[in-house]
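Remember, our numbering sits 1049 above the position in the sequence shown when you count from 1.
Here a beta-carbon is modelled for each residue, glycine too, at the ideal position from N, C-alpha and C.
Read the structure below first, then the notes.
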Amino acid sequence: MSTCNQEDRRSEAAEEPHSRAFSRRVIVGRGAAMLAGGSALISTIFPPRAAAASSKVPKAQAGYRDAPKGAIRCDRCTQYQPPTGCNIVEGPISPSGSCNFFAARTG
Ligand code: SF4
């Protein structure tokens, strides 16, 4: 009787490394699936185009206004992209506008 129990324990012990490995495989597999699902969800909520649009500074934060500040004018700035664009400030800007990020063009 006790011999049978000892054999059962031995066979369980022999199977245990396999079941641990299987559990690890299942956990790693499920973790990878959860990560893939999570990144798909994030891409759905924040599409890449929206992320690119938000890389520019809002006009209010840049201190932008549609008028020059003395010699400071967008059409004299290194960041100006004719006719109404700016490399760092969001949205259309005026060539005669100005902001706190003005950097004079040379030459
Ligand atoms: S002054 Fe400001 S808004 Fe105008 S081009 Fe330069 S960085 Fe852009």
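Item: Going along the chain, which residues of its own chain have a beta-carbon closer than 7 angstroms to the beta-carbon of VAL1106, five neighbours each way excluded?; Value: ILE1137, VAL1138, GLU1139
Item: Can you tell me the Cα-Cα spacing of GLY1146 and ILE1121, whole angstroms?; Value: 8 angstroms
Item: Our contact map puts ALA1152 next to THR1133 with C-beta atoms below 8 angstroms; I'd like the distance itself, whole angstroms only.; Value: Their Cβ separation, rounded to whole angstroms, is 18 angstroms, which puts ALA1152 and THR1133 out of contact at 8 angstroms.
Item: Pop quiz: GLY1112 and ASN1149 are said to be a contact at Cβ under 8 angstroms. What is the actual Cβ separation, rounded to whole angstroms?; Value: 4 angstroms
Item: Compare the C-alpha of ARG1114 against each of ARG1154, ILE1142, ASP1124 and name the closest.; Value: ILE1142
Item: Give the secondary structure of GLN1110 by DSSP, where H, G and I count as helix, E and B as strand, and everything else as coil.; Value: helix
Item: Note down, in chain order, each residue of its chain lying with its Cβ closer than 8 angstroms to the Cβ of CYS1053, except the 5 sequence neighbours on either side.; Value: With a pLDDT of 48 at CYS1053, under the threshold of 50, the modelled position of this residue cannot be trusted; read the value that follows with caution. The answer is none, since no qualifying residue turns up.
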